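A.B. asks: In order, the protein sequence lines correspond to chains W and G. Everything in the first sequence is counted per the numbering used here, starting at 371 for the first residue and increasing by one. Everything in the second sequence is counted per the numbering used here, starting at 5 for the first residue and increasing by one. Cβ coordinates follow ideal geometry from the N, Cα and C atoms, glycine included. Here the structure is a predicted model, which is why all the values come from computation and not from measurement.
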Amino acid sequence: MDSIDKKILDIIQTDFPLDSRPYQIIAQKVGISEEEALNRVKKLKEMGVIRRIGANFQSRKLGWFSTLCAASVPEEKITEFVQEVNKYPGVTHNYLRKNKFNIWFTYIGPSREEVEKDLKAISESTGIEVLSLPATKMFKIKVDFPMQRGEDE
Amino acid sequence: MRYSLDFSNEELAILKEVQGDIPLSPTPFQEIARKVGVKEEVVLNLLKKLKEKGYIRRFGATLRHQQAGYDQNAMVAWKVPGERVEEVGKIFASRKEITHCYERITYPSWPYNLYTMIHATSEEECKQVIAELSKLTGIKDFEVLESIKELKKISMEYF
Numbered sequence: 371m372d373s374i375d376k377k378i379l380d381i382i383q384t385d386f387p388l389d390s391r392p393y394q395i396i397a398q399k400v401g402i403s404e405e406e407a408l409n410r411v412k413k414l415k416e417m418g419v420i421r422r423i424g425a426n427f428q429s430r431k432l433g434w435f436s437t438l439c440a441a442s443v444p445e446e447k448i449t450e451f452v453q454e455v456n457k458y459p460g461v462t463h464n465y466l467r468k469n470k471f472n473i474w475f476t477y478i479g480p481s482r483e484e485v486e487k488d489l490k491a492i493s494e495s496t497g498i499e500v501l502s503l504p505a506t507k508m509f510k511i512k513v514d515f516p517m518q519r520g521e522d523e
Numbered sequence: 005m006r007y008s009l010d011f012s013n014e015e016l017a018i019l020k021e022v023q024g025d026i027p028l029s030p031t032p033f034q035e036i037a038r039k040v041g042v043k044e045e046v047v048l049n050l051l052k053k054l055k056e057k058g059y060i061r062r063f064g065a066t067l068r069h070q071q072a073g074y075d076q077n078a079m080v081a082w083k084v085p086g087e088r089v090e091e092v093g094k095i096f097a098s099r100k101e102i103t104h105c106y107e108r109i110t111y112p113s114w115p116y117n118l119y120t121m122i123h124a125t126s127e128e129e130c131k132q133v134i135a136e137l138s139k140l141t142g143i144k145d146f147e148v149l150e151s152i153k154e155l156k157k158i159s160m161e162y163f
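This is the structure in structure tokens:
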């Protein structure tokens, strides 16, 4: 990854141009051809640096409900519990973490009632209590990562 | 109603295309328009409108952090007295290493109410940030929820 790739990543993370020819705009900004801009993005995708390009929706604004869930799962039950939890399409992130509460996952669904119903079903089928920790206030959400840090700062 | 906005079937078809991965083409929106059977302007205008109004939080590339050099992430859950949440939340949010900061409900078995996600390029940087935040705010009761393994990571399919 060179400095042009990093510039491209900085642009397309926050502001992928909503334009008929997005790569032409990106290309102009970094001083390369449209074809090269697209080829570089293709390569970054092949390399696995870019996971996807698309829309990220704000679940709450769409009227959906999201929550963070924590569970304290005994070592020997982890595989089974994770298998059950991950079956649900509303589970978007799930991590094993170093804590008494060792399984942490996020759950998104069309309504609070539906999410709570699913979490109850998980608790009942696995015999493990799931703490649902919905947010009461958001102070910050930032999901782009500056690539040029250390060069510009 | 499933959504707070009354989307037409046409709009739902467009959103279904953009919630995943758009085509790697010089004209990705034209391709989506063709697939859905609408004019390209319809696609672009819908996306611009939803972005402007905040339904689309962000339109763009999502990176895999490990490959991008950000390989350390730690979630820290802080126990902050109710009357200090506002003040401490703002201090946390002002740090560039902190990507997410939320207040969440608590349980007797889990009394931590303020959550921060820290992304850093090294474990030392992560630890340093946590130590600084603790010193800066005087909050000494916290749990570092270091991730050991990613068990699932997908983008939500709303449509």
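(1) Check the C-beta distance from PHE146 of chain G over to VAL46 of chain G and give it rounded, since I have them as a contact under 8 Å.
(2) Please confirm whether THR141 of chain G and HIS123 of chain G have their CB atoms less than 8 Å apart.
(3) Are the C-beta of PHE435 of chain W and some C-beta of chain G separated by less than 8 Å?
(4) Measure the alpha-carbon distance for PRO444 of chain W versus ASP372 of chain W and round it to whole angstroms.
(5) Looking only at DSSP bridge pairs, what is SER467 of chain W linked to?
(6) Let me check one thing: in DSSP terms, what residues is THR120 of chain G bridge-paired to?
(7) Would you kindly report the start and end of the unbroken alpha helix (DSSP H) that includes THR496 of chain W?
(8) For ILE158 of chain G versus THR462 of chain W, is the C-beta spacing smaller than 8 Å?
(9) Show which residues of chain W have a CB atom less than 7 Å away from the CB atom of GLY24 of chain G.
(10) Suppose the cutoff is 6 Å on Cβ atoms and the five residues either side in sequence are ignored; what does the same chain contact list for TYR393 of chain W look like?
(11) Would you mind telling me which residues of chain W sit closer than 7 Å to ALA97 of chain G, beta carbon to beta carbon, in chain order?
(12) Which residues of chain G have a Cβ atom closer than 7 Å to the Cβ of ALA440 of chain W, listed in chain order?
(13) Do we get a CB-CB distance below 8 Å when we pair LEU155 of chain G with the residues of chain W?
(14) Which chain W residues sit within Cβ distance under 9 Å of SER151 of chain G?
(15) For ILE420 of chain W, name the three-state secondary structure that DSSP assigns.
(16) Between ALA65 of chain G and LEU379 of chain W, which are expected to be in contact by the criterion C-beta below 8 Å, what is the C-beta distance as a whole number of angstroms?
C.D. replies: Considering the structure as presented:
(1) About 49 Å separates the two Cβ atoms, so there is no contact after all.
(2) Against a cut-off of 8 Å, the Cβ pair of HIS123 of chain G and THR141 of chain G comes out as no contact.
(3) When Cβ-Cβ separations below 8 Å define contact, PHE435 of chain W makes no contact with chain G.
(4) So the two alpha carbons sit approximately 45 Å from each other.
(5) Note on identity: in this sequence residue 467 of chain W is Arg, with Ser being the wrong assignment. For ARG467 of chain W, the pairing in a beta bridge is given by DSSP as G:SER151.
(6) For THR120 of chain G, DSSP records a beta bridge to G:VAL80, G:CYS105.
(7) THR496 of chain W -> alpha helix (DSSP H) spans 482-496.
(8) A contact, by the Cβ cut-off of 8 Å.
(9) Within chain W, the residues near GLY24 of chain G are ARG422, GLY424.
(10) GLU404, ALA407, LEU408, listed in sequence order.
(11) Proximity of chain W to ALA97 of chain G at the Cβ level (cut-off 7 Å) is accounted for by PHE509, LYS510, in chain order.
(12) The contacting residues are TRP114.
(13) Output row for LEU155 of chain G: interface = yes.
(14) Contacts between SER151 of chain G and chain W, judged by CB atoms closer than 9 Å, involve TYR465, LEU466, ARG467, LYS468, TRP474 in chain order.
(15) The answer is strand: DSSP assigns ILE420 of chain W an E or B state.
(16) Between ALA65 of chain G and LEU379 of chain W, the beta carbon gap of about 7 Å places them in contact (Cβ cut-off 8 Å).
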